[in-house]
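>
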């Protein structure tokens, strides 16, 4: 398998990105194409042992920044590391693309440069989130702020394939993010979507309320991108706030400092459990190719795991599965 | 001031409700009407010292349960504690109503039995949430799953008055819950609402993303009821999950148990900071009367604080202020 890497995307590019890519090449036995400013990449590669690894470097002189208009940037910066990477993927020179760059640009690139899978109306950003009892995905987490029931059906279908093939969950549970447990609860979108999901999605278990999402007992949380993004951000915000406060309180006296020291293994274990870097990033589901958006602040480990995620999606043949599921639904 | 109490509503009714009400009568110097099964209430009152307190008991033979259809229940159970309490409020025999009963029934009662304030199209459920740097409100947190920009404007206006008069914040900051900081971000509703809020709301500071909500730097978070309810529930869910996990990890070894003991003051302080019972409950803004929905699981302290909230809203003359603000906006 060959993965094309946007070597210039991400807050910690190029150092951590290239380190993570080299680590992945060795550990996961994948071939790489690193795209970006050739001199910089070559210089970075010298810092690592790349003996026996299959790493190609492709020059790209431009970089897409986070503050640019994504669609504009994708159209105009034709020699950016991201656009060149997308072209290589599109031409079949790589099997997957991984970037820690601008989410908007990766979305725009996926939709305009790769195109959507035939039968999919909207592509969805699908992050893997650590839950109490295991990881889960949110589809969509921000690509489509306004959605129709049919979009949610397609999100559910793609999320189910992903949870099964990449997270390795047999018969993943799929639920509709909603503000009540009963079928008739919710807004117009969720009310209209419930029946369609019930009819078409094998693992559909009904509605899931916000309070139950962190448990991770449901592996696919389906919603419009506005709701999904809100869930994701509140999730991160509350967790960060709690640890901020605990930390500053622990530092407030000698007694509590000692207590904090004794609890180090607890906090460490907790952090590991809720460490997004373990899961890589968010996959862009619904486009004609495997595209992984690694977290913007990815370090080498997070980026390596994003490449692992790409490999699992490739090995799991998820694109093929999604197409087969689409055919099944359309036949029924 | 006289507060009418639904003595039969809530998971811990009647004991904790009546205890909280009696405590409030003494501490806050308010008069009470307790509505519910007379014999039960009289029996409960014997457990407390009510010398010198002005407490009236009004008999009501029915109880509205959480699992009933709210609108149906309000219409049919005319002798329920909640409906009788609403009637007393409507007739001017009390200045505010407090209930820990079914949220849906309280909403339906407020809208159908009291009616909306002239000029307000939708009533909004407005809970007070503890944030890192202070409390904030979410308007709406679940009364209206689908909203229009004009609803959000009215929510913002009412929330601003409430934060000012009841939370006691001078010039509260008001923000639109959204999935991006820039004006043009969001779904159709937020995109259409931004300009209207900017034009009409003094304290409007733009969009707030989910990640920043827990900080409490913005005191009024404006959104449709679907989004607000989702934010609220994810907030509660993540916090509960984190403490569940920490607790079980702390109990896993002697060392960590000792650490946990030393950190007791930290956890206690934290719990107090994030204790919803400190703030009472959610006010129903936009109806012709002061209605407080106390948390369903309210104990005496939480219920007492809900009565305090009613008193602050009464003393702050928020109904009058809301009407004046509505006039101001309509004049402009």
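Chains as they are written, first to last, in the numbering used here: chain A, 859 to 1190; chain B, 859 to 1190. Where is the CB? At the ideal position from N, CA and C, for every residue including glycine. Owing to the predicted nature of the structure, the values given are computational and were not obtained by experimental measurement.
1. Using only CA atoms, which one of 960/B, 926/B, 1098/B and 1082/B lies nearest to residue 869/B?
2. I'd like the ranges of any beta strand (DSSP E) spanning at least 3 consecutive residues and lying wholly in the region 1033 to 1097 of chain A.
3. Can you have a look at residue 1119/B and say buried or exposed, based on whether 16 or more other CB atoms are within 10 angstroms of its CB?
4. Can at least three beta-carbon pairs, one atom from the region 933 to 952 of chain B and one from the region 890 to 897 of chain B, be found at a separation below 8 Å?
5. Could you tell me whether any Cβ in chain B is nearer than 7 Å to the Cβ of residue 1183/A?
6. How many Å lie between residue 1061/B and residue 1034/B at the Cα?
7. Ignore the nearest five residues each way along the sequence and tell me which others in residue 947/B's own chain have a CB closer than 6 Å to its CB.
8. Counting only runs that start and end within the region 916 to 963 of chain A, where is the beta strand (DSSP E) found for 3 or more residues in a row?
9. Check whether the Cβ of residue 1091/A lies closer than 6 Å to any heavy atom of the ligand MN, and answer yes or no.
10. If contact means a Cβ-Cβ distance below 9 Å, which residues of the region 1098 to 1109 of chain A contact chain B?
11. If I measure Cβ to Cβ from residue 1039/B and keep anything under 8 Å in the same chain, skipping five residues before and after, which residues do I get?
12. Extract the residue ranges of the beta strand (DSSP E) inside the region 1135 to 1171 of chain B, only unbroken runs of 3 or more that lie entirely within it.
13. Do you know how far the Cα of residue 871/B is from the Cα of residue 883/B?
14. Anything in chain A within Cβ reach of residue 1127/B, meaning under 7 Å, just list it in chain order.
15. Along the region 987 to 1005 of chain A, what residues have a CB closer than 7 Å to any CB found in chain B?
16. With DSSP collapsed to three states, give me the class of residue 1121/B.
17. Cutting at 8 Å between CB atoms, please list the residues of its own chain near residue 1072/B, excluding the five before and the five after it.
18. On the premise that residue 943/B lies in contact with residue 1004/B, defined as a C-beta separation below 8 Å, what is that separation, rounded to the nearest angstrom?
19. Am I right that residue 1107/B and residue 1124/A are in contact with their C-beta atoms under 8 Å? What's the rounded C-beta distance?
20. Rounded C-beta distance between residue 953/A and residue 859/A? I'm assuming under 8 Å.
21. Which whole-angstrom value describes the C-beta separation of residue 1074/B and residue 992/B, a residue pair presumed to lie in contact below a C-beta threshold of 8 Å?
22. Is there a C-beta anywhere in chain A that falls below 7 Å from the one on residue 984/B?
23. Which complete alpha helix (DSSP H) runs does the region 977 to 1043 of chain B hold, if anything under 4 residues is left out?
24. Alpha carbon to alpha carbon, how far is residue 1166/A from residue 968/A?
25. Excluding the five sequence neighbours on either side, which residues of its own chain have a C-beta within less than 8 Å of the C-beta of residue 1047/B, listed in chain order?
26. Assuming residue 878/A is part of the alpha helix (DSSP H), what are its boundary residues?
27. Over what stretch of residues does the alpha helix (DSSP H) that includes residue 895/B continue unbroken?
28. Taking residue 1073/A as the query, report the chain B residues whose CB atoms sit under 9 Å from its CB, ordered along the chain.
29. Tell me, please, which residues DSSP counts as bridged to residue 864/A.
30. Taking Cβ-Cβ distances shorter than 7 Å, what residues in chain A pair up with residue 961/B?
31. Strictly under 7 Å for the Cβ-Cβ distance: is residue 859/B near chain C by that measure?
32. Check for me: the alpha helix (DSSP H) holding residue 1188/A runs from which residue to which?
33. Report the rounded CA-to-CA distance for residue 994/A versus residue 1169/A, giving the unit in angstroms.
On the basis of the coordinates in this document:
1. Your numbering for residue 869/B matches position 11 in the second chain. Taking only the C-alpha atoms, the option nearest residue 869/B is 960/B.
2. 1062 to 1066 and 1078 to 1080
3. Taking the second chain and counting its residues from 1, one reaches residue 1119/B at position 261. By the neighbour-count rule (16 or more Cβ atoms within 10 Å), residue 1119/B is not buried but exposed.
4. yes
5. Locating residue 1183/A in the first chain gives position 325, counting from the first residue. No, no contact with chain B.
6. As a first step, residue 1061/B is located in the second chain; it is residue number 203 there, counting from the start. As a first step, residue 1034/B is located in the second chain; it is residue number 176 there, counting from the start. Those two C-alpha atoms are separated by around 11 Å.
7. For the purposes of this step, residue 947/B is identified with residue 89 of the second chain, where counting begins at 1. Only 862, 955 and 1147 meet the Cβ criterion.
8. 954 to 957
9. Of ligands this structure carries none, so the ligand MN is not represented either.
10. 1098, 1099, 1100, 1101, 1102, 1103, 1104, 1107 and 1108
11. Counted from its first residue, the second chain places residue 1039/B at position 181. Counting only Cβ-Cβ distances below 8 Å, and skipping sequence neighbours, we find 1064, 1065 and 1067.
12. 1139 to 1143 and 1148 to 1152
13. Walking along the second chain from the start, residue 883/B turns up at place 25. Walking along the second chain from the start, residue 871/B turns up at place 13. Taking the straight line from one Cα to the other gives about 17 Å.
14. Against the second chain, residue 1127/B aligns to sequence position 269. Result: 1107.
15. 990, 1000, 1003 and 1004
16. Translated into the one-based positions of the second chain, residue 1121/B becomes position 263. Looking at residue 1121/B - three-state DSSP - the assignment turns out to be coil, as it is neither helix nor strand.
17. Translated into positions along the second chain, residue 1072/B becomes position 214. Around residue 1072/B: 989, 990 and 1093.
18. The residue you call residue 1004/B lines up with position 146 of the second chain. The residue you call residue 943/B lines up with position 85 of the second chain. In fact, because the Cβ distance is near 29 Å, the residues do not count as touching under 8 Å.
19. As a working note, residue 1107/B is residue 249 in the second chain. As a working note, residue 1124/A is residue 266 in the first chain. So it is a contact: roughly 4 Å between Cβ atoms.
20. The sequence position of residue 953/A within the first chain is 95, counting from 1. The sequence position of residue 859/A within the first chain is 1, counting from 1. Right, the Cβ-Cβ distance comes to about 5 Å (below 8 Å), so this counts as a contact.
21. Taking the second chain and counting its residues from 1, one reaches residue 1074/B at position 216. Taking the second chain and counting its residues from 1, one reaches residue 992/B at position 134. About 5 Å separates the two Cβ atoms, so the contact holds.
22. For this step, residue 984/B is matched to residue 126 along the second chain. For residue 984/B, the answer is no, since every Cβ of chain A falls outside 7 Å of its Cβ.
23. 1007 to 1023
24. Position 308 of the first chain, counting from 1, holds the residue named residue 1166/A. Position 110 of the first chain, counting from 1, holds the residue named residue 968/A. Approximately 20 Å, taken between the alpha carbons.
25. Reading the second chain from its first residue, position 189 is the one you call residue 1047/B. Same-chain partners within the cutoff: 1005, 1006, 1007, 1010 and 1082.
26. Translated into positions along the first chain, residue 878/A becomes position 20. Start and end: 873 to 886.
27. On the second chain, position 37 is the one that residue 895/B refers to. Taken as a continuous stretch (DSSP letters only), residue 895/B belongs to no alpha helix (DSSP H), as it is neither H nor E.
28. Taking the first residue of the first chain as position 1, residue 1073/A is located at position 215. Per Cβ cutoff of 9 Å: 1095 and 1099.
29. As a first step, residue 864/A must be located in the first chain, where it is residue number 6. Partner(s): 893/A.
30. Residue numbering aside, residue 961/B sits at position 103 when the second chain is read from its first letter. The contacting residues do not exist; residue 961/B stays about 10 Å from chain A at best.
31. In the structure shown, chain C does not exist; the protein chains are A and B.
32. By 1-based counting over the first chain, the position of residue 1188/A is 330. Start and end: 1176 to 1189.
33. Here residue 994/A corresponds to residue number 136 of the first chain, with the count starting at 1. Here residue 1169/A corresponds to residue number 311 of the first chain, with the count starting at 1. For residue 994/A and residue 1169/A, the distance between alpha carbons rounds to 18 Å.
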